[in-house]
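Heads up, the sequence shown is in the working numbering, so the first residue is 1218 and it goes up one at a time.
C-beta: ideal position from N, C-alpha, C; glycine also.
The structure displayed is predicted, hence computed values, not measured ones.
Report on the following structure.
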Amino acid sequence: MHTPVLYHETIKALQPQPGGLYVDGTVGAGGHAWGILEASSPDGKLLGLDLDPQALALAQERLAPFGDRVILKRASYVTLRGQLAALGWEAIHGMVLDLGVSSMQLDTPERGFSFRSDAPLDMRFNPEATTTAADLVNTLPEGDLADLIFRYGEERRSRQVARAIVAARPLYRTGALAEVIAKATSSGKPGIHPATRTFQALRIAVNGELEAIEQVLPQAIEALAPGGRLAVIAFHSLEDRIVKQFFRQESQDCLCPPRQPLCTCGHKASLTEITRKPLQPSETEARENPRARSSRLRVAEKI
């Protein structure tokens, strides 16, 4: 069992209290959930959500000592409102979202998230979802594929990559796709693997990750009790930008253009930013867990 990214910073930011109600929207193997339940002893409760049955099985085993204080559901965090209503939880005191792909998923070759092993091109968080990475790679028109890689992977050579992929179709294995991308873009210079950004783009598209973040943030703020906190860990600029812009917007009383003399929007701030600048891993954590290096933690409190 590995320690999740920014573990101590996240638990400290959420300030779990006995008797509180908490949500881990990306429960994974249960790392952050454990910390929340431990800090909210003896009677704090936690709802853990995840689309991945493999993750839920691990979380159930790891969190078993907390008994009925933990409730695990196989569901996306975009269903937050309905999940809370079903439990009769009118307000929660804290929520954490650890976005993106987990180390467990990356380290399970058959899931197809990593280009470092040869496996089916899958990349689904939910194994029952209908669209796989192979579907996108083999069916999208070249222009649409290039746009997807540019938008979600921020890959400057997206058109070059898309052209090479279309020419090499059909592609059904991660190793074959990574090889095609490497041949099309490799400069011979050291750095990140040339397939990194394309694999990120495909994963985000397969799972609708950015749209899901946009859907859950308003629900989370709505669900929080006054003084409750939302902690969000992002791993790349696309995720972090959505969280940053939402927190900035919802911490302002007026969203009218600066030169407009009178407010006509009627917007009222719903939260306070606790972290104007995101928290980052310590040098020790980044050294011990290289995957943590790009993580950023933002925290907001309900007014």
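Around the C-beta of residue i, are 16 or more other C-beta atoms found within 10 angstroms, so that it is buried, or is it exposed?
i: SER1499; result: exposed
i: LEU1394; result: buried
i: ASP1241; result: buried
i: GLU1456; result: buried
i: ALA1308; result: exposed
i: GLU1255; result: exposed
i: LEU1472; result: exposed
Starting from residue i, trace the alpha helix (DSSP H) both ways and give me its first and last residue.
i: PRO1433; result: It is Val, not Pro, that sits at residue 1433 in the sequence shown. Unbroken alpha helix (DSSP H) run through VAL1433: 1426-1440.
i: LYS1229; result: 1224-1231
i: ARG1513; result: ARG1513 -> not in any alpha helix (DSSP H); beta strand (DSSP E) instead, spanning 1513-1519.
i: GLY1299; result: 1297-1304
Comparing C-alpha positions only, which one of the options sits nearest to residue i?
i: ALA1272; options: ALA1292, LEU1496, PRO1435, PRO1235; result: ALA1292
i: ALA1250; options: PRO1270, ASP1269, GLY1311, GLU1431; result: GLY1311
i: VAL1433; options: GLU1505, LEU1223, ALA1381, ASP1315; result: ASP1315
i: ALA1412; options: ASP1285, PHE1332, GLY1483, ALA1384; result: PHE1332
i: ASP1260; options: LEU1304, ARG1465, PRO1344, GLY1284; result: GLY1284
i: LEU1338; options: GLY1305, ALA1384, LEU1388; result: LEU1388
i: GLY1252; options: LYS1519, PRO1270, ALA1276, LEU1268; result: ALA1276
i: LYS1229; options: PRO1507, LEU1496, LYS1461; result: LEU1496
i: MET1321; options: THR1243, VAL1516, ILE1421; result: THR1243
i: GLY1236; options: GLY1248, ARG1328, LYS1262; result: LYS1262
i: GLY1317; options: MET1340, LEU1365, GLU1490; result: MET1340
What separation, rounded to the nearest whole angstrom, lies between the Cα atoms of residue i and residue j?
i: ALA1246; j: THR1415; result: 26 Å
i: GLN1377; j: ARG1368; result: 14 Å
i: GLY1299; j: LYS1290; result: 12 Å
i: GLY1360; j: LYS1494; result: 37 Å
i: VAL1449; j: LEU1514; result: 6 Å
i: VAL1397; j: ALA1363; result: 15 Å
i: SER1258; j: ILE1409; result: 43 Å
i: LEU1266; j: VAL1222; result: 18 Å
i: THR1402; j: ARG1374; result: 7 Å
i: PRO1474; j: LYS1485; result: 15 Å
i: GLY1358; j: ARG1390; result: Going by the sequence as given, residue 1358 is Pro instead of Gly. Their Cα atoms are separated by approximately 19 Å.
Along the chain, where does the beta strand (DSSP E) containing residue i start, and where does it finish?
i: ILE1288; result: 1287-1291
i: GLY1311; result: 1309-1315
>> To test your reading of the DSSP string, which unbroken alpha helix (DSSP H) runs of 4 or more residues are found completely within the region 1467-1505?
In response: 1500-1505
>> My parser needs the alpha helix (DSSP H) runs of 4 or more residues fully inside the region 1229-1268; what are they?
In response: 1248-1256
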